[in-house]
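Numbered per our numbering, the sequence shown spans residues 6 to 184. Note that beta-carbon positions come from the ideal geometry of N, C-alpha and C, so glycine has one too. Nothing here was measured: the structure is a model prediction, and the numbers come from that model. Below you'll find the structure, written out as structure tokens, and then a few comments.
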Amino acid sequence: CYTLVGNAAWLAATREERIAVIRAFATNSSLSAVVMANCEISDALAVAWAESLRTNRSLTSLNLESNSIGSSGIEALADALRCDDGGAPQLKELKLANQYVVAGQSSEEALAEALAHCPSLTKLTLQHRSLRARDIVTRILTRNADAERQARKLGLGGGSSSATTTTTTTTTSPSSVAQ
6 CYTLVGNAAW LAATREERIA VIRAFATNSS LSAVVMANCE ISDALAVAWA ESLRTNRSLT
66 SLNLESNSIG SSGIEALADA LRCDDGGAPQ LKELKLANQY VVAGQSSEEA LAEALAHCPS
126 LTKLTLQHRS LRARDIVTRI LTRNADAERQ ARKLGLGGGS SSATTTTTTT TTSPSSVAQ
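As structure tokens, then:
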């Protein structure tokens, strides 16, 4: 696991240096989890992450919570999950909650629809303003988790986790609860 939370050296790095670090994950095959929470990840850095996810096949968990990823960053990540070149990322978990900027509902919906192309993903954290996006995410992540359970039950692999948690939250009303 590569963890970089509020690291002073990272925060002092230039945008180009940060992009170079993120792009290095494109060819890294030894790490399965990266935590870059509260690391001032902007839309430009989210785009770099999307580019890395297009080729990285070892990363199963990416935590980009508490950053500044807006609509263009969310849309870039959605495009990476679609991965039209035939190889979807192997992500099981993508954490995007608590962004300091608000992504548009159309971006949320693009991410939700992209999940259909990433059958390994069983956990997504994101504050949804779009009820449509939340419903799509819940349906697809439930389907993915069911498929993973069936694969384990049949001995076909599908991961070694003993439980799958689906977490989507919404900010549409004060009474919203985690799904």
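Report the rounded CA-to-CA distance for residue i versus residue j, giving the unit in angstroms.
| i | j | result |
| --- | --- | --- |
| G109 | S76 | 6 Å |
| A121 | S66 | 18 Å |
| P94 | R154 | 19 Å |
| N43 | V10 | 6 Å |
| L129 | S111 | 17 Å |
| E80 | I27 | 17 Å |
| F30 | T8 | 13 Å |
| L58 | A14 | 24 Å |
| I74 | A18 | 18 Å |
| E113 | S47 | 16 Å |
| G160 | R144 | 24 Å |
| T32 | A152 | 28 Å |
| K158 | E70 | 32 Å |
Whose C-alpha, out of the options, is nearest the C-alpha of residue i?
| i | options | result |
| --- | --- | --- |
| V106 | G78, T130, R144 and T147 | G78 |
| T127 | A115, V10 and L146 | L146 |
| R62 | A38, A83 and E80 | A38 |
| R134 | A156, V40, G160 and Q104 | Q104 |
| C6 | N68, G160 and N149 | N68 |
| A119 | A150, S35, L58 and R87 | R87 |
| T60 | M41, S34 and S47 | S34 |
| E22 | T32, A53, V40 and E70 | A53 |
| R148 | E70, L36, S125 and T32 | S125 |
Apart from the five residues on each side of it in sequence, which residues of its chain come closer than 6 Å, Cβ to Cβ, to residue i?
| i | result |
| --- | --- |
| A117 | A138, I141 and V142 |
| A115 | E80 and A83 |
| V40 | T8 and N68 |
Beta-carbon separation of residue i and residue j under 8 Å?
| i | j | result |
| --- | --- | --- |
| A3 | L131 | The chain is shown only over 6 to 184; residue 3 falls outside these bounds and no answer can be derived. |
| E45 | N12 | no |
| L82 | A51 | yes |
| A55 | A85 | yes |
| C64 | L96 | Contrary to the premise, residue 64 reads as Leu rather than Cys in this sequence. For L64 and L96, yes; Cβs fall inside 8 Å. |
So, for residue i: in the same chain, excluding its five sequence neighbours on each side, which residues have a beta-carbon less than 7 Å away from its beta-carbon?
| i | result |
| --- | --- |
| R20 | A49 |
| C123 | L86, A93, P94 and L96 |
Which residues in the same chain have their Cβ closer than 8 Å to the Cβ of residue i, if we skip the five residues on either side of it in sequence?
| i | result |
| --- | --- |
| L36 | C6, Y7, F30, S63 and L64 |
Can you list, in chain order, the stretches of the beta strand (DSSP E) that have 3 or more residues and sit fully within the region 53 to 118?
-> 66 to 68 and 98 to 100
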